[in-house]
Structure formats: C-alpha cells, structure tokens
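The next block holds one structure in the form of structure tokens; read it before the comments.
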Amino acid sequence: MKRLLILACAAMLAACSSDQEDIRSWMTEQEKGMRGSVKPLPEVRPFPVVEYTVADRTPPFALERLEPETKSGPGSGPDLNRRREPLEAFPLESLELVGVMRQGERVHALVRVDKSLYQVRVGNYVGQNFGVVSGISDADLTLKELVEDLDGDWVERTSKLLLQERQEAKR
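Its first residue numbered 17, the sequence shown is counted upward by one per residue in this note's numbering.
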C-alpha cells in the first residue's frame, strides 16, 4: 500500500512538471518582446552660495535664535490690579444682548444675565477673558478679549454678542 501511494505521488508530480514546461515556454516567448526603459535622472542644479559673516549675524544654533520670541513689558497682559466689573463674573456664553439705547451721542447696550439686566457702554469689561467692549451697533456688541495661548503669551481676539432676536432667527 505504501508503495502504491508513493507511485501515485510521483505520477502527480510528473504531471505537474509538464504544466510548468508550458508556462516556462510561454514566459520565454513573452520576454523576447519586452524592453525595459529607465527614465533619465533629473538634472542636478547647484544651490547658490551664500556668504555668512560671523561678525554681523547671530550664530545659527544659538539658543536665542531657536527659542520663540515672547511678548513682555507693559500692556502685554491684562491688568490684574484693576477693580472688577459685575459682568466679568459670567462667561460670555451666558450673556444675552437684548437691546441698544441711544441718547444723543451716547450708546448703551442692554445685556441680560440670568434675570438681571445691565447697561454696558464702550470701555466696560465683559466676560471672563478680560473682554473690553470696543463697539456697539444696532445688531451686535463687539469685544476685544485677551486670551493666553499655549506659549503663555497674551493674544487679542475679537468676539461678538449678537442681538437676541437675530440669534434666535439663526437657530
């Protein structure tokens, strides 16, 4: 029985070799018509030479060149010693602009927080990000806020409180 099994396996392997001969002959025929092509290399352009005089410039790897500049001095951050205004206790999202009043040249905005109503004019502080009211129009209240970025620098950004009626219309 063992010999019969070995003979059967040998016959099967012999049959496979004839299939492989067909594939090999087909491959050799296909190789005759093939031609390889290599694209030429791109032209290497030399970089311009730049003179570097050490006396005039800072060294290229000096720490002051690698570290980002930081804003320092007066006016770079908020004034933490001034007296806080009532609307600075609330986040900007909880404030609602409900109206604008004009009396001659003076313009006041009406801002509602919870159930209380406050009068705000240009120069008042609003919100928790040291926001100063920079403009009041019939449709919105514009703020300039000071926000600390990831580097610890104070960055100015502009925010707006829209009139409540217009805000509901956008929803």
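By construction, the Cβ of each residue, glycine as well, lies at the ideal position given by its N, Cα and C atoms.
Item                                                                                                                                                                                : Value
If you reduce the DSSP assignment to three classes, tell me which class D156 lands in.                                                                                              : strand
Quick one: grab the DSSP three-state call for Q36.                                                                                                                                  : helix
Is it buried or exposed, P90, if we count other Cβ atoms within 10 angstroms and call 16 or more buried?                                                                            : At P90, the pLDDT of 47 sits below 50, so the modelled position is not reliable; the number obtained from the coordinates is stated separately. Exposed, since its Cβ has fewer than 16 Cβ neighbours within 10 Å.
On the three-state DSSP scale, how would you describe S53?                                                                                                                          : coil
Give me, in chain order, the residues of the same chain whose beta-carbon lies closer than 6 angstroms to that of S88; leave out the 5 immediate sequence neighbours on both sides. : Caution is warranted here: a pLDDT of 47 is assigned to S88, below 50, making its placement in the model unreliable, and the coordinate value is therefore given only provisionally. So no residue of the chain qualifies.
Decide if M117 is buried, meaning its Cβ has at least 16 other Cβ atoms within 10 Å, or exposed.                                                                                    : exposed
Hey, could you find the ends of the beta strand (DSSP E) R118 is sitting in?                                                                                                        : 112–119
Got a sec? Which residues, its chain only, sit under 8 angstroms from I152 by beta carbon, not counting five neighbours each side?                                                  : V116, V123, H124, A125, V136, R137, V138, T158
Rounding to the nearest angstrom, what Cα-Cα distance links N140 and Q119 in this structure?                                                                                        : 18 angstroms
Starting from the Cα of D156, find the closest Cα among G168, D169, S175 and give me that residue.                                                                                  : S175
How far does the beta strand (DSSP E) with E172 in it reach, from first residue to last?                                                                                            : 170–178
Between E101 and Y134, what straight-line distance do the alpha-carbon atoms span, to the nearest angstrom?                                                                         : 11 angstroms
Hey, how far is the Cα of F77 from the Cα of S53?                                                                                                                                   : 46 angstroms
Only counting the same chain, and skipping five residues up and downstream in sequence, which positions put a Cβ closer than 7 angstroms to that of E164?                           : W170
Given a threshold of 16 other Cβ atoms within 10 Å of its Cβ, counted over all protein chains shown, does V70 qualify as buried or as exposed?                                      : exposed
How about V142 and V127: are their beta carbons less than 9 angstroms apart?                                                                                                        : yes
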